[in-house]
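Student: For the sequence shown, this note's numbering assigns the number 10 to the initial residue and increments by one for each residue that follows.
In this text, a Cβ means the ideal position worked out from N, Cα and C, and glycines have one as well.
Given the structure is predicted, the values throughout are model-derived calculations rather than measurements.
Handing you a structure now.
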Amino acid sequence: GCVIAGAIDLDMIAVAAPRKDGVIHMESEGFSPLTVTPDMTYAPDPARFGTSDALVAGMVNGLADAGYQVGGFDAMATSDVLRGSGLSSSAAYEVMIGTILNHLYNDGTIDAVTVAKLSQRAENLFFGKPCGLMDQCACAIGGMIAIDFADPTAPVVEAIPFDLTG
């Protein structure tokens, strides 16, 4: 079907630096640090369903399976998006991880819809949540968007020039 989605005005941001050993170390304000090693990215682990490290592992796995370059990094993140509030905090986190990997290892060449699709895959397979693609598209693209899911493998996404503040 067709939907209109909008990104909220809350941020999830990070600073990151590449590592040569393939390990991902994340520190997020208000949360315990996490470390994801390359062996954690090969397949989903039901024991880690619902965890942030599962989302990181799922993004690495999805990007690698899609033929993109992946690698390790150290990052510090902060967010205004409330965890578990229904405001797509997991989608925002996945997109942030995908964006870091896109810019550190793929020169920013991966388009937003691809990042969104890989984010949904990470959430479905590694996080254990059978979600759709709308939240990830809204987070990856931002603003107001129209999405036609007639072909779920190739959604048609268009920005809607609309400003609620004007």
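#1: Which same chain residues end up closer than 8 Å to residue 147 when comparing Cβ atoms and leaving out the 5 residues on each side of it in sequence?
#2: Determine, using beta carbons only, whether residue 134 comes closer than 9 Å to chain B.
#3: Distance, Cα to Cα, residue 45 vs residue 149?
#4: Under 8 Å: do the segment 72–87 and the segment 29–40 share three or more Cβ pairs, one atom per stretch?
#5: Going by other Cβ atoms of all chains shown within 10 Å of its Cβ, with 16 needed for buried, is residue 102 buried or exposed?
#6: So for residue 88, helix, strand or coil by DSSP?
#7: On the CB-based measure, 16 or more other CB atoms within 10 Å of its CB, does residue 50 come out buried or exposed?
#8: Would you say residue 1 and residue 53 are within 9 Å of each other, going by their C-beta atoms?
#9: If I measure Cβ to Cβ from residue 142 and keep anything under 8 Å in the same chain, skipping five residues before and after, which residues do I get?
#10: Looking only at DSSP bridge pairs, what is residue 61 linked to?
#11: Using three-state DSSP, classify residue 37 as helix, strand or coil.
#12: Rounding to the nearest angstrom, what Cα-Cα distance links residue 169 and residue 11 in this structure?
#13: Determine the closest residue to residue 23 out of 81, 58 and 108, with distance taken between C-alpha atoms.
#14: Which two residues bound the contiguous alpha helix (DSSP H) that contains residue 144?
#15: Taking the straight line between their C-alpha atoms, what separation do you get for residue 180 and residue 18?
#16: The beta strand (DSSP E) with residue 26 in it runs from where to where?
Tutor: To lay it out plainly:
#1: Against the sequence shown, residue 147 aligns to sequence position 138. Residues 14, 15, 16, 97, 100 and 154 of the same chain have their beta carbon placed closer than 8 Å to that of residue 147, with the five preceding and five following residues left out of the count.
#2: No chain B appears in this structure, which consists of one protein chain only.
#3: As a working note, residue 45 is residue 36 in the sequence shown. As a working note, residue 149 is residue 140 in the sequence shown. Approximately 23 Å, taken between the alpha carbons.
#4: yes
#5: On the sequence shown, residue 102 is found 93 positions in, with the first residue counted as 1. Buried: at least 16 other Cβ atoms inside 10 Å.
#6: If you number the sequence shown from 1, residue 88 lands on position 79. In the structure shown, residue 88 sits in a strand (DSSP, three-state: E or B).
#7: As a position in the sequence shown, residue 50 is number 41, starting the count at 1. Buried, since its Cβ has 16 or more Cβ neighbours within 10 Å.
#8: This structure cannot settle anything about residue 1, because the visible part of the chain is limited to 10 through 175.
#9: Taking the first residue of the sequence shown as position 1, residue 142 is located at position 133. Only 125, 126, 129, 156, 158, 161 and 164 meet the Cβ criterion.
#10: Translated into the one-based positions of the sequence shown, residue 61 becomes position 52. Paired residues: none, contrary to the question.
#11: Residue mapping note: residue 37 aligns to position 28 of the sequence shown, counting from 1. Strand at residue 37.
#12: For the purposes of this step, residue 169 is taken as the residue at position 160 of the sequence shown. For the purposes of this step, residue 11 is taken as the residue at position 2 of the sequence shown. Answer to the nearest angstrom: the Cα atoms are 14 Å apart.
#13: As a first step, residue 23 is located in the sequence shown; it is residue number 14 there, counting from the start. The candidate whose alpha carbon is nearest that of residue 23 is 108.
#14: Position 135 of the sequence shown, counted from the first residue, corresponds to residue 144. Residue 144 -> alpha helix (DSSP H) spans 143–150.
#15: It is not possible to answer for residue 180, since the shown part of the chain is limited to 10 through 175.
#16: Counting from 1 along the sequence shown, the entry for residue 26 is found at position 17. Segment 21–28, the beta strand (DSSP E) holding residue 26.
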